[in-house]
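Chemist: Dumping the structure here so I can ask a few things about it.
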Amino acid sequence: MTTALAPSPQGIDRKKIIYWILTIGLPILVMFVPVNEAFTPQIRLFVAITLCAILIFAFETMDGLIPSVLLPVAYVMVNLAPANVVFSPWSLYIPWMFMGGMLMANVLDGIGILKRIAYWCIIKTGGTYNGILYGILVIGIILNLMIPSSAIIPLAAFTYGICKALDLGPSKEAAGIMIAGCFASLFPMFFFYNPNMAIIFGLAAQVTKVSLSWVQYFIHGLPFILWYVLMIFVISKVFKSDKQIDCKDLITEEYKKLGKITKQEKKGLFVSLLLFIFLVTGNIHHIEVGWGFVFAACLMYFPGINIGTNEYVKKTNFPMVFFVTACMSIGSVANVIGVGKVVANALVPTMASQGPLVTLILIWLLCAGSNFLLTPLAIMATFTVPLTQVAVNLGMNPLPVLYTIFQGIDQIIMPYEYALVLIFFSFGLIRLKDFIKIFSLKMVLNLVFLVVVMYPYWKLLGLI
18 MTTALAPSPQ GIDRKKIIYW ILTIGLPILV MFVPVNEAFT PQIRLFVAIT LCAILIFAFE
78 TMDGLIPSVL LPVAYVMVNL APANVVFSPW SLYIPWMFMG GMLMANVLDG IGILKRIAYW
138 CIIKTGGTYN GILYGILVIG IILNLMIPSS AIIPLAAFTY GICKALDLGP SKEAAGIMIA
198 GCFASLFPMF FFYNPNMAII FGLAAQVTKV SLSWVQYFIH GLPFILWYVL MIFVISKVFK
258 SDKQIDCKDL ITEEYKKLGK ITKQEKKGLF VSLLLFIFLV TGNIHHIEVG WGFVFAACLM
318 YFPGINIGTN EYVKKTNFPM VFFVTACMSI GSVANVIGVG KVVANALVPT MASQGPLVTL
378 ILIWLLCAGS NFLLTPLAIM ATFTVPLTQV AVNLGMNPLP VLYTIFQGID QIIMPYEYAL
438 VLIFFSFGLI RLKDFIKIFS LKMVLNLVFL VVVMYPYWKL LGLI
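Count along the sequence shown starting at 1, add 17, and that's the number in this note's numbering.
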C-alpha cells in the first residue's frame, strides 16, 4: 500500500518539491536530446520551454496567470518568434469572446434569470427523479444558448442545491443528478458554437483557413443532440433511483419566491435574444460570431439597459483569458518554427495507409489518452496545429479532425483529468466508483457513436 506524501517536519511540501524537480528537470533533459534536420535547435528549445509551462499548469505549482504571462514572453526573449506572431492571438476574437461570455454569464446569473429558467424547466418536466434529469437536459440547452461554455458554475450550484434540498447525500441518486448537470453544461457545446471550440478553430487557422458560421457548426454537430439525450438516458439507468423522489412542490415554492419576472431579467433576455439573432444570421452579416459575445456583454452596461455592475466585472475570471491566449501562442510559435510539419511528416505515411476513419479513431485515442497527463487546453495547444497539418497533407477536410479533437479531450476516467468536471465532483456527492463507472461507459460509447453515427453523417455532408 502506498503512503501519501506529506509535508516534512520543517514544513516543506515534499510533493511540491517533486513537482518542481519534474518541471525543471524534464525540460533540461530535453535540451540534451541531439538535434537533426527534423528536430532542429529551435524546435528543441520550443519543446523545452513549452513543456516547462505545461507542467506548471498541470501541477498547479503557481497561480496560472504567471506561466500564462511568462510563456509568450519567453518565446520572444529567446527569439523563437517575433512578438507580433507570439501575441497574435490577442488580435483574434477568441480571448475577447471568452471575456465577453464570462462577463455576460456573471450578469445573467446575478440578476436571477438563470435560476428562474432552471426552476421553470424542472417544474415542466415533473419533478420526479427522471424528470429532474431530463429537466437538467433542457436547462443545459437553454443556458448554452445564452452563455456558451459558461453554464458550469450555475448548473453545478443548481444541481447541488437540488441534492441538498432532497437530503440525498453521497448516493447513486445524487451522482445521477450531479453528473447530469455536468453533461448538461458541456454536451451542448458539441452542437452550439462556443469559445472552447473557437480555440481549436483559432489554432487550426495557423495552418489553413477555417471559417464556420454558427448555423454550419450546428448542422455539423446535429447528431450530438442524440448523443446528449442518450447519455442522460444512460444516467437514468446506471443510477436508477430506489427512492420515491418528487421535488415539484419544493421547486414550485422556490420559483414562487422569485416573484414576477423583473425589468432586469427582461432586459437580460432581450440582450440574449439579440445575441442569438446575431449568431444565426452569420451568413448574412459575415462577422465572426465571437465578436457578438463581446458586444452583448458590453450592451448590458449601456444606458437604457444598464443591468451590469462593477461587481460582475470583478468576478470575471481574467486569468483564464490569459491562459487561453497563452495556449494559442503555443500554436502560433509551433507553426512558425515548423513543428506541425515535422509531426505531420511523421504521421502522414501511417495515417494515409489506414484511411480517414482509422485516422479519426487514432486522433480520438491520442487526445483521450493525453487527458491522463495534460489538461484539455494543453492538449488543444499541443496537438491542434500538427493534426491540422496532417489533415491538410492527407487532403482531408480539417473540420472532422477538429471535431474529433474536441470529442477526444472530453473523454476522462478520473476527476482530476478535467477541471470543469472536477467542479461537480468536488461537492462530495459523487462517489469515486460511480464517477469511474459512468465516465468509463461514456468513453466507450463515445467512440462507438463517433464511428457508427458521426463518421457516416460527416461523410453524408461531404466533410469526408
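Even glycine gets a Cβ: it sits at the ideal position worked out from N, Cα and C. From a predicted model like this one, the values you see are computed outputs, not experimental measurements.
1) Within this structure, are the beta carbons of residue 418 and residue 380 separated by less than 8 Å?
2) Can you tell which of 175, 38, 185, 427 has its C-alpha closest to the C-alpha of residue 447?
3) What is the DSSP secondary structure of residue 22, counted as helix, strand or coil?
4) When you compare only the Cα positions, how much space is there between residue 138 and residue 269?
5) Please name the residue in 61, 416, 329 whose C-alpha comes closest to that of residue 124.
6) For the region 76 to 105, list the alpha helix (DSSP H) runs that are entirely contained and at least 4 residues long, ordered along the chain.
7) If you follow the alpha helix (DSSP H) that residue 328 is in, where does it begin and where does it stop?
8) In angstroms, rounded to a whole number, what distance separates the CA positions of residue 20 and residue 437?
9) What do you get for residue 261, buried or exposed, if any count of 16 or more other CB atoms within 10 angstroms of its CB means buried?
10) Distance, Cα to Cα, residue 100 vs residue 351?
11) Could you name the residues of the same chain whose beta carbon sits closer than 8 Å to that of residue 279, not counting the 5 residues immediately before and after it, in chain order?
12) Mapping the DSSP letters down to three states, classify residue 367 as helix, strand or coil.
13) In whole angstroms, what separates the C-alpha of residue 25 from that of residue 32?
14) Within the chosen definition, does the region 112 to 122 reach the region 160 to 180 through at least 3 CB pairs nearer than 8 Å?
15) Okay, do the region 33 to 44 and the region 68 to 81 touch, 3+ Cβ pairs below 8 Å being the bar?
16) Can you confirm whether the region 356 to 373 touches the region 106 to 114 when touching is taken to mean that 3 or more C-beta pairs between the two stretches lie within less than 8 Å?
17) For residue 427, write down the residues that DSSP places opposite it in a beta bridge.
18) Pull up the distance between the alpha-carbon of residue 136 and that of residue 290, whole angstroms please.
19) Do the region 238 to 247 and the region 176 to 191 meet, that is, are 3 or more Cβ pairs less than 8 Å apart?
20) Give the straight-line distance between the Cα atoms of residue 404 and residue 205, rounded to the nearest whole angstrom.
21) Skipping 5 residues on each side, what residues in its chain have a beta carbon closer than 8 Å to that of residue 48?
22) Going along the chain, which residues of its own chain have a beta-carbon closer than 6 Å to the beta-carbon of residue 34, five neighbours each way excluded?
23) Any idea what DSSP makes of residue 170, helix, strand or coil?
24) Is it buried or exposed for residue 161, if we count other Cβ within 10 angstroms and need 16 for buried?
25) Assuming contact is defined by CB atoms lying nearer than 8 Å, are residue 244 and residue 306 in contact in what I supplied?
26) Tell me whether residue 148 is buried or exposed, calling it buried when 16 or more other Cβ atoms sit within 10 Å of its Cβ.
27) Which value, in whole angstroms, describes the spacing of the CA atoms of residue 2 and residue 219?
28) Name, in chain order, the residues that DSSP records as bridge partners for residue 145.
29) Do residue 118 and residue 58 have their beta-carbon atoms positioned less than 8 Å apart in this structure?
30) Which residues in the same chain have their Cβ closer than 6 Å to the Cβ of residue 426, if we skip the five residues on either side of it in sequence?
31) Who are the Cβ neighbours of residue 314 in its own chain at under 7 Å, not counting the five residues just before and after it?
32) Starting from residue 123, trace the alpha helix (DSSP H) both ways and give me its first and last residue.
33) Can you list, in chain order, the residues of its chain with a C-beta nearer than 6 Å to that of residue 85? Leave out the 5 residues immediately preceding and following it.
34) Beta-carbon separation of residue 144 and residue 331 under 8 Å?
35) Please classify residue 152: does DSSP put it in a helix, a strand, or coil?
36) Pick out whichever of 346, 274, 228, 253 has its Cα sitting closest to the Cα of residue 189.
Modeler: Let's see:
1) yes
2) 185
3) With a pLDDT of 44 at residue 22, under the threshold of 50, the predicted position of this residue should be treated as unreliable, though the coordinate-derived value follows. The answer is coil: DSSP assigns residue 22 none of H, G, I, E or B.
4) 11 Å
5) 329
6) 82 to 94, 100 to 103
7) 327 to 331
8) Caution is warranted here: a pLDDT of 40 is assigned to residue 20, below 50, making its placement in the model unreliable, and the coordinate value is therefore given only provisionally. Cα to Cα, residue 20 sits roughly 28 Å from residue 437.
9) exposed
10) 14 Å
11) 128, 129
12) helix
13) Since pLDDT at residue 25 reaches only 46, below the 50 mark, its modelled position is unreliable, and no value is offered.
14) yes
15) yes
16) no
17) Beta-bridge pairing links residue 427 to no other residue.
18) 20 Å
19) no
20) 24 Å
21) 61, 62, 65
22) none
23) helix
24) buried
25) no
26) buried
27) Because residue 2 is not part of the residues shown, which for the chain are 18 to 481, the question remains open.
28) 263
29) no
30) 384, 393, 396
31) 117, 120, 121
32) 111 to 127
33) 339, 340, 343
34) no
35) helix
36) 253
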